[in-house]
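Each remark here refers to the structure printed beneath this line.
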Amino acid sequence: MASALLFSACKGNAQQEENSTLKTAFQEKFAIGTAMNAWQITGRDTAAIRIIKDQFSAIVAENCMKSGRLQPEEGEFTFELADQFVEFGEQNNMLINGHTLIWHSQAPKWFFTDEEGQDVSREVLIERMKKHIHTVVGRYKGRVDTWDVVNEAILDDGSYRESKFYRIIGEDFIKLAFQFAHEADPEAELYYNDYSMAEPGKREGVVRMVKKLQAEGVKIDGIGMQGHIGLNHPEIREFEKSLEAFAGLGVEVMVTELDLTVLPSPWDDQGAEVSKNFDYEDKMNPFPDGLPDEVNGDFNARYLEFFALFLKHQDKISRITLWGVADQHSWRNGWPIRGRTDYPLLFDRENKPKEVVADIINLSNQY
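Note that full-length UniProt numbering numbers the sequence shown so that position 260 is 260, with each residue one more than the last.
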């Protein structure tokens with residue numbers, strides 16, 4: 001009996017040692033990724049680069065592939081940083097995700113206006129979209145594995161966001177974007193990406209939109225659920241309902257921008273509308289010097305709750321991506337209120353794994 005217990009303990013320890021990083025723990029389940037910023041892409045943040053290489057199997061461009069960065073002036077493309085990002089992924093044998101081709105935010109103003117500053121015609125905007133997508137996707141054909149083709153086009157109530165793309169082209173801008181991306185690289189996987197995907201109205205709107213694309217023969221391979229979560233929002237069952245609904249469309253599901261804010265929100269929900277900002281107040285920055293034990297315990301429990309959900313549905317999920325490497329890199333520190341200190345990621349400000357990382361790895365061994 002003692003020998004059997006010793007063998008069991010040794011086997012368990014061996015498995016834990018083998019799965020000592022997030023990358024190895026999830027390698028048979030789904031890809032585990034992170035977003036890379038400019039300092040990491042260019043090699044200046046060596047501590048973060050070590051974490052990326054050791055812990056993650058997938059990378060996404062945080063900002064350098066957005067249209068305003070790639071084509072700030074019409075016809076003038078700036079590919080240097082994006083090239084370095086792709087090269088990093090190739091050199092380290094990682095799944096490379098391009099983010100994002102068509103998004104109303106961080107798009108250059110020239111995209112939508114003529115020389116007099118008036119809105120361009122539908123035909124002109126379609127042609128500009130086509131040129132941008134063909135140029136960008138074509139440049140990385142066979143190198144970038146997946147693209148977030150359209151980002152955040154559906155509102156929480158399920159209606160279309162009245163962006164410039166929608167106002168000038170109509171809802172067909174989504175179909176056209178996917179068609180242009182497929183033309184540029186027929187082998188790349190093409191995704192729709194959005195936040196607050198646990199909201200029932202948005203869930204239904206995205207399902208309607210994807211079904212329409214599928215009925216029209218448009219190639220759409222997956223749906224990205226941005227995982228910008230809080231300690232109390234969204235309800236995990238609603239998140240699960242959306243995950244199941246999207247998988248039921250016959251596409252892959254990714255959690256694309258996972259982070260967990262512990263800070264109070266100035267409004268009731270925990271969406272990710274980047275245009276919103278609020279004034280700083282001390283009460284809205286309650287943990288400038290670190291998390292109390294109780295809050296840290298809630299943080300750990302919440303992350304484990306979501307990773308248990310991801311593992312439960314590993315047959316439906318192809319990738320989980322953290323939106324940043326360590327806490328100091330997170331956009332959460334400055335949004336929606338600048339100057340706050342948040343703790344949303346799995347690695348702390350000293351680039352060390354938080355205790356929840358080992359718990360997540362141990363949890364993965366149970367599935």
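Idealized CB from N, CA, C, for every residue including glycine.
Compare the beta carbon distance of F56 and I41 with 8 Å and say whether it is the shorter of the two. As a working note, residue 56 is residue 56 in the sequence shown. As a working note, residue 41 is residue 41 in the sequence shown. Their beta carbons are not under 8 Å apart, which means F56 does not touch I41 by this criterion.
Are the CB atoms of I220 and Q214 nearer to each other than 8 Å? In the sequence shown, the residue the question calls residue 220 occupies position 220. In the sequence shown, the residue the question calls residue 214 occupies position 214. Yes; because the gap between Cβ atoms is below 8 Å, this pair is in contact.
Candidates E350, G68, N362: which alpha carbon is nearest F48's? In the sequence shown, counting from the first residue as 1, residue 48 sits at position 48. According to the sequence provided, residue 48 is Ala. The question's Phe does not apply to it. Here the closest residue by C-alpha is E350.
Under three-state DSSP, which class holds D298? The sequence position of residue 298 within the sequence shown is 298, counting from 1. D298: helix per DSSP, three-state reduction.
May I ask which residues mark the beginning and end of the beta strand (DSSP E) holding G222? Working through the sequence shown from its first residue, we reach residue 222 at position 222. Here the beta strand (DSSP E) through G222 covers 222 to 225.
Here's the rule: buried if 16 or more other CB atoms are within 10 angstroms of the residue's CB, otherwise exposed. What is N151? As a position in the sequence shown, residue 151 is number 151, starting the count at 1. N151 should be labelled buried.
Residue range of the alpha helix (DSSP H) that includes T78: Numbered from its first residue, the sequence shown carries residue 78 at position 78. Per DSSP, T78 belongs to no alpha helix (DSSP H) and is neither H nor E.
Neighbourhood of N300 by C-beta, 6 Å cutoff - its chain only, sequence neighbours within 5 removed: Within the sequence shown, residue 300 is the residue found at index 300, counting from 1. For N300, where only same-chain residues beyond five positions count, the Cβ hits under 6 Å are V356.
Per DSSP, cross-strand counterpart(s) of D259: Start at 1 with the first residue of the sequence shown, and residue 259 comes out as number 259. Bridge partners of D259: H228.
Own chain, CB closer than 7 Å to F307, minus 5 neighbours either side, in chain order: Locating residue 307 in the sequence shown gives position 307, counting from the first residue. Answer for F307: I360, L363, listed in chain order.
How many Å lie between W147 and V262 at the Cα? The residue given as residue 147 occupies position 147 in the sequence shown. The residue given as residue 262 occupies position 262 in the sequence shown. C-alpha separation (whole angstroms): 30 Å.
Just the C-alpha distance for M36 and G89, rounded to the nearest angstrom, thanks. Counted from its first residue, the sequence shown places residue 36 at position 36. Counted from its first residue, the sequence shown places residue 89 at position 89. If I take the Cα positions, the gap works out to 10 Å.
Give the straight-line distance between the Cα atoms of N138 and V218, rounded to the nearest whole angstrom. For the purposes of this step, residue 138 is taken as residue 138 along the sequence shown, with counting starting at 1. For the purposes of this step, residue 218 is taken as residue 218 along the sequence shown, with counting starting at 1. Note that residue 138 is Gly in the sequence shown here, rather than Asn. C-alpha separation (whole angstroms): 19 Å.
Nearest-angstrom Cα distance between Q270 and P234? Your numbering for residue 270 matches position 270 in the sequence shown. Your numbering for residue 234 matches position 234 in the sequence shown. With a pLDDT of only 49 at Q270, under 50, the local geometry of the prediction cannot be trusted, and no value is derived from it.
Supposed close pair I52, F347 - CB separation, criterion 8 Å: Taking the sequence shown and counting its residues from 1, one reaches residue 52 at position 52. Taking the sequence shown and counting its residues from 1, one reaches residue 347 at position 347. The pair is not a contact, with the Cβ atoms about 10 Å apart (cut-off 8 Å).
Please name the residue, chosen from G248, K212, V255, Y195, that lies closest to T34 on a Cα-to-Cα basis. Walking along the sequence shown from the start, residue 34 turns up at place 34. When each option's Cα is compared against that of T34, the closest is V255.
At which residue ranges does the region 307 to 353 contain complete beta strand (DSSP E) runs of 3 or more residues, listed in the order of the chain? 317 to 322
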